[in-house]
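Below you'll find the structure, written out as structure tokens, and then a few comments.
2 protein chains.
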Amino acid sequence: MQTYVSPSKSEWIGLCRRYFPNPQELETIVNAIINEVKANGDQALFKLTKKYDKVDLLEFKVPTDSIEKLTSSIPASLKESIAIAKYNIEKFHNCSIPDERKIETTKGVFCWSKRVPIEKVGLYIPGGTAPLFSSILMLGIPAMIAGCKEIILCSPPNKEGLLSPVVLYTARLLGIENIYALGGAQAIAAMAYGTESVPSVDKIFGPGNSFVTKAKELVSKSTVAIDMPAGPSEVLIIADESADPEFLAADLLAQAEHGPDSQVMIVSNSMDILQKTQLAIATQIKNLPRKNIAEQALSHSRSIYFKNINRCFEFSNEYAPEHLILSLHNALSHIDKITNAGSVFLGKYSCESAGDYASGTNHTLPTNANAKAYSGVSVESFQKKITFQRITKEGLQKLGPHIEILADAEGLQAHKNAVSIRLKKIKNV
Amino acid sequence: MQTYVSPSKSEWIGLCRRYFPNPQELETIVNAIINEVKANGDQALFKLTKKYDKVDLLEFKVPTDSIEKLTSSIPASLKESIAIAKYNIEKFHNCSIPDERKIETTKGVFCWSKRVPIEKVGLYIPGGTAPLFSSILMLGIPAMIAGCKEIILCSPPNKEGLLSPVVLYTARLLGIENIYALGGAQAIAAMAYGTESVPSVDKIFGPGNSFVTKAKELVSKSTVAIDMPAGPSEVLIIADESADPEFLAADLLAQAEHGPDSQVMIVSNSMDILQKTQLAIATQIKNLPRKNIAEQALSHSRSIYFKNINRCFEFSNEYAPEHLILSLHNALSHIDKITNAGSVFLGKYSCESAGDYASGTNHTLPTNANAKAYSGVSVESFQKKITFQRITKEGLQKLGPHIEILADAEGLQAHKNAVSIRLKKIKNV
Chain A
493 MQTYVSPSKS
503 EWIGLCRRYF
513 PNPQELETIV
523 NAIINEVKAN
533 GDQALFKLTK
543 KYDKVDLLEF
553 KVPTDSIEKL
563 TSSIPASLKE
573 SIAIAKYNIE
583 KFHNCSIPDE
593 RKIETTKGVF
603 CWSKRVPIEK
613 VGLYIPGGTA
623 PLFSSILMLG
633 IPAMIAGCKE
643 IILCSPPNKE
653 GLLSPVVLYT
663 ARLLGIENIY
673 ALGGAQAIAA
683 MAYGTESVPS
693 VDKIFGPGNS
703 FVTKAKELVS
713 KSTVAIDMPA
723 GPSEVLIIAD
733 ESADPEFLAA
743 DLLAQAEHGP
753 DSQVMIVSNS
763 MDILQKTQLA
773 IATQIKNLPR
783 KNIAEQALSH
793 SRSIYFKNIN
803 RCFEFSNEYA
813 PEHLILSLHN
823 ALSHIDKITN
833 AGSVFLGKYS
843 CESAGDYASG
853 TNHTLPTNAN
863 AKAYSGVSVE
873 SFQKKITFQR
883 ITKEGLQKLG
893 PHIEILADAE
903 GLQAHKNAVS
913 IRLKKIKNV
Chain B
493 MQTYVSPSKS
503 EWIGLCRRYF
513 PNPQELETIV
523 NAIINEVKAN
533 GDQALFKLTK
543 KYDKVDLLEF
553 KVPTDSIEKL
563 TSSIPASLKE
573 SIAIAKYNIE
583 KFHNCSIPDE
593 RKIETTKGVF
603 CWSKRVPIEK
613 VGLYIPGGTA
623 PLFSSILMLG
633 IPAMIAGCKE
643 IILCSPPNKE
653 GLLSPVVLYT
663 ARLLGIENIY
673 ALGGAQAIAA
683 MAYGTESVPS
693 VDKIFGPGNS
703 FVTKAKELVS
713 KSTVAIDMPA
723 GPSEVLIIAD
733 ESADPEFLAA
743 DLLAQAEHGP
753 DSQVMIVSNS
763 MDILQKTQLA
773 IATQIKNLPR
783 KNIAEQALSH
793 SRSIYFKNIN
803 RCFEFSNEYA
813 PEHLILSLHN
823 ALSHIDKITN
833 AGSVFLGKYS
843 CESAGDYASG
853 TNHTLPTNAN
863 AKAYSGVSVE
873 SFQKKITFQR
883 ITKEGLQKLG
893 PHIEILADAE
903 GLQAHKNAVS
913 IRLKKIKNV
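If you read the protein sequences in the order shown, they are chains A and B.
Numbering-wise, the numbering used here comes out as the position in the first sequence, counting from 1, plus 492.
Numbering-wise, the numbering used here comes out as the position in the second sequence, counting from 1, plus 492.
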């Protein structure tokens, strides 16, 4: 971790820069995969799965009867913890649905909006080193609450062609029946354009490696929406002298172990805390199984001192972190200073892992400063809002003449006519 | 307009296809413009404005004192109609802000979310043949209600280097002070990356020609968000025998006059209504100033007969129109059949022009079947939602062990440690 003391504002742009090794050839490779899936459907999927996942599959859809067998070995304690997480996430997400409201803007002119589920959604769940079943909870629960009719899940098969039992268990628990052993850019292409065995969807959600992320970006230009632009995970901690350096180190390492391109930042008005945190990191990292990954992440991470705490918030807002931890005396009193962040953790016992798994908030959050304009995933991400209006005869008589004047001023005669023709008929009846 | 009688479902994909003349070279040209602005800032803007708008400007920012002079000639009747539209749009949009809620998901675990304004937003308002001041109302009002701190507006200058008085008047009325005489892809690039005189923003809104649309798509890949992917405007009408063919024709023409690439669709269970509508179009189009444009739009538009009205809704949901007009007996009784649409107009007096200008709903809506996954612009489009959590010592004691189990199952030891280290300290105190 590099240390910076009271950097001036002109240095902030550099300090807010993420680590982004985005090879030029990635787009070419991913484009080729997408085009192959578009052109050859399942045939391309079989070929690409053999190439990238090193397995010959006979079908992608996981047979329902095989799920029960595969999930029987999951320990009861894990099942219980998943149930607790599910309960909390449901409880929080259930409360985010605003009501419909009908407004009479002018006498006889009624306007309202209605949230309607996106019909077909696709969830991508990474496989690889760790089965990220927590992402199934974070995406599947809001999709279910939103009322999406068709929810499909894609996750890469292991070398036996199987998905992790806990992935299957979690999907099943939520009632997701359409599960495909399919990963990488080819899974994204299949969900975007559809193949013989994989239906196309209206919106694709979920994290993934650089292939998956690039594929999501590319398909979102044409037919399908995506949850948000993705980048490596990140955390920023604002700490004062009341913080516990061991907790800070643990939180920074929890983020750093995600991937070598993750970035962790600590900003403080206490030099002492910053130094002690560095020492604690050095101690704690020794025993981490993912030490190697964490070390790489730390190499492009930053520890920054500012004289006062408001400056720390200014910097944080410019950085716009995915996760923001406030390890401050009376953290709650500072929240109105936050203008840009994905999810905020208040006080020394609110560790980020809680939000990653089980406290109730969503862990699918905007990275790479996208928190300036994007929100994390919520039930609303699985819905769209349709507006409605009903205008009575009297309403049109009252409002119509103004519409005529406005359309006229914009030079749109046919827009005006649509009103005039009605007003004339109302008058003549 | 081409007519189709009871087309089978296999034909629907073709019938739902929009008219999209998207020249390959467009991306190359727009990319070059963006790169030039990124590299040379204002200097590039002056050069590009001279090239595309045929005017030599000394500055882009419209001086505040010139606005009063320029807007003095606007007739009182137009000012009054703008005021009425503003009132209705404000009234409807004010009602769309859901409250903050705080949930205790587990004892001692508090989660909530808060809508926070996007700090810096840019509004693009097309110039050209007609000054689309109505778009200023539709974007500026929700931006103001959302509480955006910095709102800038770009609109292309005419050959005298000026903006339309009514554009300036409307912006002024909303309190938008930072107005730039700047158009095209160069305006989008300036708002995305910033130049000496144009500040960069976090999100760009507004309609535009193919250059503007392509530029928005390209800049949204990097640093800035955009309102939604854009395409030509469109309407779909579902009509039964109770409809008035003259009204239907007027509504179809109002949409058709937008641009040669607009698409208008009418779907009905009455052959008689479809035929009479075609006749009414032929009559009404004769006197339109934008007849030429409307004729081109009609050439790739469709009139479709289905035996029953539910089939019409099925087709409409597949088409996912930007504007959906229900000219049906008891239109309200059908609204639960609508799964995909931007904005819906119910009954024979609810003409689309009303929503375009003054009824209160927003006219910035998803086109090109994006209504399947996107919503129109609302106050929420100018905000992001930040989630918060506060966990007490007791909360962590209760939830912590589950987080440990879940992190362990995902193979993320440092995530687990962030909890364990805290639980240990709590125990030892």
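The beta-carbon is built from N, C-alpha and C at its ideal position, and this holds for glycine as well.
For A:Val659, the uninterrupted alpha helix (DSSP H) segment begins and ends at Pro657 to Leu666. For B:Ile817, the pairing in a beta bridge is given by DSSP as B:Ile729 and B:Phe837. Judged by DSSP in its simplified three-state form, A:Lys542 adopts helix.
Restricting attention to A:Asp764, A:Asn800, A:Ile758 and A:His750, the CA atom closest to the CA of B:Lys908 is found in A:His750. Residue pairing by DSSP leaves A:Met763 without any beta bridge partner. A:Gly903 and B:Pro555 have their C-alpha atoms spaced approximately 27 Å apart. Under the criterion of beta carbons closer than 8 Å, B:Ala679 and B:Tyr616 qualify as touching, at roughly 6 Å.
The three-state reading of DSSP puts A:Arg509 in coil, since its state is none of H, G, I, E or B. Proximity of A:Leu615 to chain B, defined by a Cβ-Cβ separation below 7 Å, is not satisfied. Nearest to A:Gly839 by C-alpha distance, out of A:Ala789, A:Ile878 and A:Leu818, is A:Leu818. Shortest Cα-Cα distance from A:Ile576 to any of A:Lys530, A:Glu551 and A:Ser626 involves A:Ser626.
When secondary structure is reduced to three states using DSSP, B:Val613 falls in the strand class. Remark: C-beta atoms of B:Val756 and B:Leu740 do not approach each other more closely than 7 Å. The CB of B:Phe739 comes closer than 9 Å to the CB of Ala910, Ile913, Arg914 and Lys917 in chain A, given here in chain order. The CB of B:Ile643 never comes closer than 7 Å to any CB in chain A; the least such distance is about 14 Å. Inclusion of A:Gly847 and A:Ser835 in the CB contact set at 7 Å is warranted, their separation being smaller than that value.
At least 7 Å separates the beta-carbon of B:Val601 from that of B:Gly892. Taking 7 Å as the CB threshold, B:His907 lines the interface with chain A. One Cα belongs to A:Arg882, the other to B:Phe837, and the distance between them is close to 6 Å. In this structure, the CA atom of B:Phe512 is about 10 Å from the CA atom of B:Ser702. Judged by DSSP secondary structure, B:Gln494 falls within the beta strand (DSSP E) whose first and last residues are Gln494 to Val497. Between the region 683-695 of chain B and the region 655-662 of chain B, the count of Cβ pairs shorter than 8 Å is below three; the stretches do not touch.
Separation of B:Thr598 and B:Lys606 (C-alpha to C-alpha, rounded to the nearest whole angstrom) is 20 Å. Two segments are said to touch when three or more pairs of C-beta atoms, one from each, lie closer than 8 Å; by this definition the region 806-815 of chain A does not touch the region 767-779 of chain A. With respect to chain B, the C-beta atom of A:Phe703 has no partner C-beta closer than 7 Å. In the DSSP annotation of this structure, A:Tyr672 is not part of any alpha helix (DSSP H); the continuous beta strand (DSSP E) holding it starts and ends at Asn670 to Ala673.
Rounded to the nearest whole angstrom, the CA to CA distance from B:Gly700 to A:Gln770 is 51 Å. Runs of the alpha helix (DSSP H) lying entirely within the region 614-653 of chain A and spanning at least 4 residues, in chain order: 625-638. Residue nearest to A:Phe807 within the set A:Glu844, A:Ala772 and A:Ile505 is A:Ile505 (criterion: CA-CA distance). About 6 Å separates the beta carbons of A:Ser498 and A:Phe798, which is inside the 8 Å limit, making them a contact pair. The straight-line gap separating the alpha-carbon atoms of A:Asn580 and A:Thr879 is approximately 32 Å. With its beta carbon at least 7 Å from every one in chain B, A:Val554 lies outside the interface. Rounded to the nearest whole angstrom, the CA to CA distance from A:Ile559 to A:Asn854 is 26 Å. Scanning A:Gly619, A:Ile671 and A:Ile633 for the CA closest to the CA of A:Ile644 turns up A:Ile671. Residue-level contact by beta carbon holds for A:Arg593 and chain B, with a gap shorter than 7 Å.
Between B:Leu655 and B:Gly632, the gap from beta carbon to beta carbon reaches 7 Å or more.
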